[in-house]
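Peer 1: Handing you a structure now.
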Amino acid sequence: MRKAVDDIADGLREWRVWHLLGLNEIKHRYRRSTIGPFWMTLSMGVQAAVMGILFAYLFQSPIDRFLPFLTMSLVLWGFLNATIMDGSSTFIASSSFILQSRRPLSIYVFQNLWKNIIIFFHLIVIFFVVAAIYSMYPGWHYLVGLFGLLLFCINLAWASFAAAILAARFRDVQMIIQNAFTVLFWATPILYAPEQLGGGRATQLVQLNPLYHVIEVVRAPMLENIPSAMNYYVAGGTAVAGCIFTLFLYARTRARIPYWI
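Quick note: the sequence shown uses UniProt numbering, first residue 1, plus one each step.
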């Protein structure tokens with residue numbers, strides 16, 4: 001256990017390494033591109049506009065409330081999905097570095113998280129544009145959103161770390177995660193708000209989905225709302241339980257990971 005904790009602590013101390021690795025990965029991906037990562041912003045904007053108009057009509061929802069909701073939902077879901085999906089291949093993709101150096105393995109997990117945080121800040125630009133169009137301006141509620149974003153990132157950190165470990169040992173884990181997220185996309189209020197379900201059992205089932213609470217602690221403040229106490233209990237409890245689980249998992253598997261990859 002102590003070696004696992006030391007590895008994570010050493011990885012955090014070497015933040016300059018994973019900071020540069022994350023930046024270089026994004027630069028390499030968009031090398032020779034005119035607008036670089038903002039292609040993702042443009043793509044997200046087009047997707048949100050088309051889906052927002054369509055679903056606002058289908059749900060008979062006011063476009064000035066639904067489009068900001070949908071845009072923020074898609075940005076957060078993209079952040080969550082990309083971080084965990086990329087996380088599942090973290091150790092496999094970094095196998096050459098892992099086998100040739102003695103750096104903490106956690107560096108590669110932090111690199112993946114940092115890379116996707118940078119992408120998230122490119123994508124959230126489109127939300128601010130939509131919010132400004134519909135007169136939703138920054139306020140004190142954004143500070144509440146920052147705390148929610150911290151909880152969100154902690155949950156992404158342990159989930160992507162656990163996915164990296166399990167996928168290094170069992171290669172089918174990547175496909176399992178990919179298919180699971182396809183189902184969870186529809187089971188989580190991304191394209192629809194919980195209140196649009198009309199109450200009853202459907203709404204109760206949404207409350208049982210931890211992803212809803214993890215997303216809501218960021219989304220609600222950005223939409224000038226305050227998350228419920230239940231949202232914070234579930235998001236915080238998931239973060240604590242997930243970190244403990246991942247720490248024990250890493251303590252048991254850390255020495256074997258180089259052999260698995």
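Ideal placement from N, C-alpha and C gives every residue a C-beta, glycine not left out. For clarity, every value in this text was computed on a predicted model and none was experimentally measured.
Taking the C-alpha atoms as reference points, what is the distance between VAL214 and SER160?
Peer 2: Their backbone Cα atoms lie some 15 Å apart in a straight line.
Peer 1: Starting from the Cα of PHE120, find the closest Cα among ASN179, ARG254, GLY22 and MET136 and give me that residue.
Peer 2: Comparing Cα positions, the closest option is GLY22.
Peer 1: Are there three or more Cβ pairs, one per stretch, closer than 8 Å when the region 83–96 is compared with the region 128–135?
Peer 2: In short, these stretches do not touch, since the Cβ pair count stays below three.
Peer 1: Am I right that PRO221 and TYR142 are in contact with their C-beta atoms under 8 Å? What's the rounded C-beta distance?
Peer 2: About 6 Å separates the two Cβ atoms, so the contact holds.
Peer 1: Less than 7 Å separating the beta-carbons of VAL234 and ALA164?
Peer 2: No. Outside cutoff.
Peer 1: Taking buried to mean at least 16 other C-beta atoms within 10 Å of its own C-beta, is ALA180 buried or exposed?
Peer 2: Counting Cβ neighbours within 10 Å, ALA180 comes out exposed, since fewer than 16 surround it.
Peer 1: Rounding to the nearest angstrom, what Cα-Cα distance links PRO189 and ILE118 in this structure?
Peer 2: So the two alpha carbons sit approximately 24 Å from each other.
Peer 1: Can you name, in chain order, every residue of its own chain whose Cβ lies under 8 Å from the Cβ of HIS122, other than the five neighbours on each side?
Peer 2: Hits under 8 Å: PRO37, PHE38, MET40 and THR41.
Peer 1: For ASN258 and SER89, I'd like the C-alpha separation in whole angstroms.
Peer 2: According to the sequence as given, residue 258 is Pro; it is not Asn. In a straight line, the C-alpha of PRO258 is about 14 Å away from that of SER89.
Peer 1: Given this structure, state the Cα-to-Cα distance separating LEU54 from TRP186, to the nearest angstrom.
Peer 2: One C-alpha to the other measures close to 16 Å.
Peer 1: Let me confirm a value: GLU224 is counted as buried when at least 16 other C-beta atoms fall within 10 Å, else exposed. Which label applies?
Peer 2: Exposed, since its Cβ has fewer than 16 Cβ neighbours within 10 Å.
Peer 1: Under DSSP, the alpha helix (DSSP H) around ALA202 begins and ends at which residues?
Peer 2: Taken as a continuous stretch (DSSP letters only), the alpha helix (DSSP H) holding ALA202 covers 201–207.
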